[in-house]
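Just so you know, numbering that gives the first Met the number 0 puts 55 at position 56 of the sequence shown, and the rest follows in order with no gaps.
Yeah, the Cβ is synthetic: ideal placement off N, Cα and C, and Gly gets one too.
As structure tokens, the structure follows; a few thoughts come after it.
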Amino acid sequence: MSQPTIESILNEKRLFEPPAEFANQARINGMAAYDALYEKAAADPAAFWAELAEKELHWFKKWDQVLDWQPPFAKWFVGGKINISYNCLDRHLTTERRNKAALIWEGEPGDERTLTYAQLHREVCQMANVLKDLGVKKGDRVGLYMPMIPEAAIAMLACARIGAPHTVVFGGFSAEALRDRLNDAEAKVVITADGGFRKDKTIPLKAAVDKALENNAVPSITNVLVVQRTQEDIYWQDGRDVWWHEVKPTTSAKCEAEPMDAEDMLFILYTSGTTGKPKGVVHTTGGYNLYTHMTFQWTFDHKENDVYWCTADVGWITGHSYIVYGPLSNGATSLMYEGVPRPSNPGCFWDVVEKYGVNIFYTAPTAIRAFIKMGDDRPNARDLSSLRILGTVGEPSNPEAWMWYHKVIGGERCPIVDTWWQTETGGFMLTPLPGATPTKPGSATKPFPGILADVVDLDGNPVGDNEGGYLVVKHPWPSMMRTVYGNDERFRRTYWEHIAPKDGKYLYFAGDGARRDEDGYFWVMGRVDDVLSVSGHRLGTMEIESALVSHPAVAEAAVVGRKDEIKGEDVYAFVTLEGSFSASDELKAELKQHVVDEIGIIARPGEIRFTDALPKTRSGKIIRRFLRNLASGEEVAGDTTTMEDQSVLDKLRAGA
Ligand code: PRX
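Written out as structure tokens, the structure is:
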């Protein structure tokens, strides 16, 4: 089993047609239907989206202008008034969906809850009113630091309902990381829980919030709203901290959804880039609502009675778009699971599929690779016949993992949708439509209708079939990020200036290399910048380097990705020490923990290698290419004559 290499996927020629019985009942039933949609959208993207916006969503007021494109700044549905919480809740209440399950939830210890649309609406209104009582107004930012419990979704929808942009911070990030994000967003309130259950442990979320807020380190915060989950003892600050279960019973369940401008900010989500500081990706309301709605509906071929399960955490964009907003806007039943596979229950995913009769299952290749290692017995012992569609996200899917997913989980009858997208894109960009697109293991296949994607060189010229290049998008789309929070310039620099504008048109580029084959299928090759994907989690090498050098023992650090069978990539750090410190296993462990404290458990280096010096160019730039080779145990490839000191490489080789 391995990560896809150019060679392995270049040789991948297998093609899987959608099964006829599936295609017959699908919303987009066959390539002719896809092609027609694609052509229609490409001919006039704005008209295409406007037609869908009118048909699929509720608007308090229709827009005056579909698209205002002042590159690289886009506005969609200008002048329109909309509320995504209304589209996810209220509009279903007058239909038969009222008493349908909106969220089915299973906790890691085995506790269960189901919230119908009517119940979810009620709880969202109550939390919205609690936020208002705490002084949160339209436009105020609210931080969320939550376990995977229904209240995470309730909190997001409550914020959206009153027009307070949320910024969700994944519970695996440390107190330091949380503090930075809350400060950047200048959040007014944080919603958290006493803790959460994960891998048979409790995660002390409230304690991390307390630490983040220590010494008034986030001056904008006035209150912390705390959901009870683990019932462990926690520190309590009177006047600041509020128990949700104490205020809820006396809080009104009536709260009208605030009519928002289509371009009002819906949320900020921080993501790693090539600099030390994560970027606050800004998404707005109308375009995001439409795009997540349509991509969910068509890509998962959603049917009214489906049980849909996305295994992501709401702390990531996948959870935002495809646990909460996309599914609920469609009136779907979205399953939320608190746990992850763990030694005490490695088969929990298949238990959950069987128990709830899951029809659509969406997960990450890293999870699939881990399951392959555990053998076929566990999935084979469960009835997985309810499954209709399988999906993957987050990293390239290697053909071996794809085939296992297809055979062992999908029983060779479920189309697999390999969805390529990003925090920045808001929704799926390249993906098969399950009743239409013949799939090739390892390819995200073709653009979603309305997306004009290409593979180009640095000058913006399309490259030939099967030649590697940069994956770009040529026309704005409704759910594209609008800016980096508080930093338009960084937005422009990061996404729009790496590739030269072509014929005066700006090309969106967010860091992936790709090739397109002779059938027009895209093969995403992974990041071409200093961003790692560790178990599908996005991490910046600079971010980890900054964390390492903030430790007194570290003089210099260079972080690269090392290929890993399960995680895709693992964090590998080369470290030089300050004079008075010497290398030891204890120091290694201490530095790993230091990264966990600074960023979070997901960034913990798999390996730290002490060295006297790092390979550098004569101008002092670290040559990461060599370090990547060394970390992966490969021959150092490429020209080494530009190095300042050749002996550095010799020593590193000898030490390996
Ligand atoms: O490198 C691509 C990879 O994940 C990156 C985006 O990470 P993030 O913003 O955290 O969002 C992940 C969930 C959408 C991309 O730049 N990526 C995502 N999906 C795929 C993928 N790489 C290959 N194939 C995919 N299906």
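Is the beta carbon of residue i sitting closer than 8 Å to the one on residue j?
i	j	result
Tyr-571	Gly-279	no
Trp-48	Gly-449	yes
Ile-609	Val-574	Looking at the sequence shown, residue 609 is not Ile but Phe. Yes; because the gap between Cβ atoms is below 8 Å, this pair is in contact.
Gly-106	Glu-337	yes
His-292	Gly-325	yes
Pro-437	Leu-36	no
Val-454	Ala-513	yes
Phe-360	Trp-308	yes
Thr-115	Leu-268	no
Asp-511	Val-533	no
Ala-701	Ala-207	Beyond the ends of the chain as shown, which are 0 and 655, falls residue 701; an answer cannot be given.
Leu-334	Val-306	yes
Arg-197	Val-223	no
Ala-730	Gly-142	Beyond the ends of the chain as shown, which are 0 and 655, falls residue 730; an answer cannot be given.
Glu-394	Ala-363	yes
Asn-98	His-57	no
Leu-432	Gly-409	no
Pro-378	Val-407	yes
Starting from residue i, follow the alpha helix (DSSP H) in both directions and report where the run begins and ends.
i	result
Ala-435	Looking at the DSSP string, Ala-435 is not in any alpha helix (DSSP H), and its letter there is neither H nor E.
Asp-350	347-355
Ile-161	149-161
Arg-197	Counting along the chain, Arg-197 falls outside any alpha helix (DSSP H), though it belongs to the beta strand (DSSP E) covering 195-197.
Lys-650	645-654
Could you pull the start and end residues of the beta strand (DSSP E) that residue i belongs to?
i	result
Ser-545	From DSSP, Ser-545 is part of no beta strand (DSSP E) but of the alpha helix (DSSP H) over 540-548.
Ile-202	200-202
Asp-240	240-242
Val-472	468-472
Thr-222	Per the sequence shown, the amino acid found at residue 222 is Asn instead of Thr. Where Asn-222 is concerned, the enclosing beta strand (DSSP E) stretches over 222-226.
Ala-40	Counting along the chain, Ala-40 falls outside any beta strand (DSSP E), though it belongs to the alpha helix (DSSP H) covering 30-42.
Val-65	64-69
Glu-175	No beta strand (DSSP E) contains Glu-175, which is instead part of the alpha helix (DSSP H) from 174-184.
Met-642	That residue, Met-642, is in no beta strand (DSSP E); it is neither H nor E in DSSP.
Among the candidates the options, whose CA atom is the shortest distance from the CA of residue i?
i	options	result
Gly-619	Arg-603, Tyr-33, Met-642	Met-642
Asp-569	Ile-607, Cys-254, His-550, Leu-648	Ile-607
Ala-588	Ala-557, Ala-552, Lys-615	Ala-552
Val-129	Gly-519, Ala-311, Ala-154	Ala-154
Tyr-290	Glu-255, Thr-250, Pro-44, Ala-612	Pro-44
Ala-192	Ser-581, Ser-219, Lys-200, Val-226	Val-226
Ala-466	Pro-475, Val-523, Pro-604	Position check: residue 466 holds Glu in this sequence, whereas Ala was assumed. The candidate whose alpha carbon is nearest that of Glu-466 is Val-523.
Glu-634	Gly-275, Ala-653, Asp-644	Ala-653
His-405	Thr-424, Trp-420, Gly-441, Ala-435	Gly-441
Ser-385	Ile-367, Tyr-355, Pro-414, Trp-401	Tyr-355
Glu-231	His-244, Ile-202, Asp-237	Ile-202
Asn-344	Ala-101, Asp-644, Ala-41, Gly-109	Gly-109
Mind checking whether the beta-carbon of residue i lies closer than 7 Å to any heavy atom of the ligand PRX?
i	result
Glu-11	no
Ala-509	yes
Ile-367	no
Gln-24	no
Val-523	yes
Ile-267	no
Arg-537	yes
Gln-69	no
Arg-160	no
Glu-394	yes
Ala-443	yes
Asp-110	no
Arg-228	no
Lys-534	A quick correction: the sequence has Ser, not Lys, at residue 534. No, Cβ of Ser-534 sits at least 7 Å from all heavy atoms of the ligand PRX.
Ile-316	yes
Thr-640	no
Asp-456	no
Thr-270	yes
Gln-421	yes
Arg-180	no
Asp-417	yes
Arg-526	yes
Thr-712	Any property of residue 712 remains undetermined from this structure, which presents the chain solely from 0 to 655.
Thr-575	no
Please confirm whether any heavy atom of the ligand MN lies closer than 7 Å to the CB of residue i.
i	result
Trp-495	The model on display carries the ligand PRX but not the ligand MN.
If we require 4 or more residues per run, which alpha helix (DSSP H) segments fall completely within the segment 381-432?
398-403
For a minimum of 3 consecutive residues, which ranges assigned as the beta strand (DSSP E) are wholly contained in the segment 558-591?
567-576
4 or more residues per run - each alpha helix (DSSP H) lying fully within the segment 247-319:
285-298
With a floor of 3 residues, list each beta strand (DSSP E) that falls wholly inside the segment 474-555, ordered by position along the chain.
507-515, 521-526, 530-533, 536-539
Curious, which full-length beta strand (DSSP E) runs of at least 3 residues does the segment 355-381 contain?
359-362
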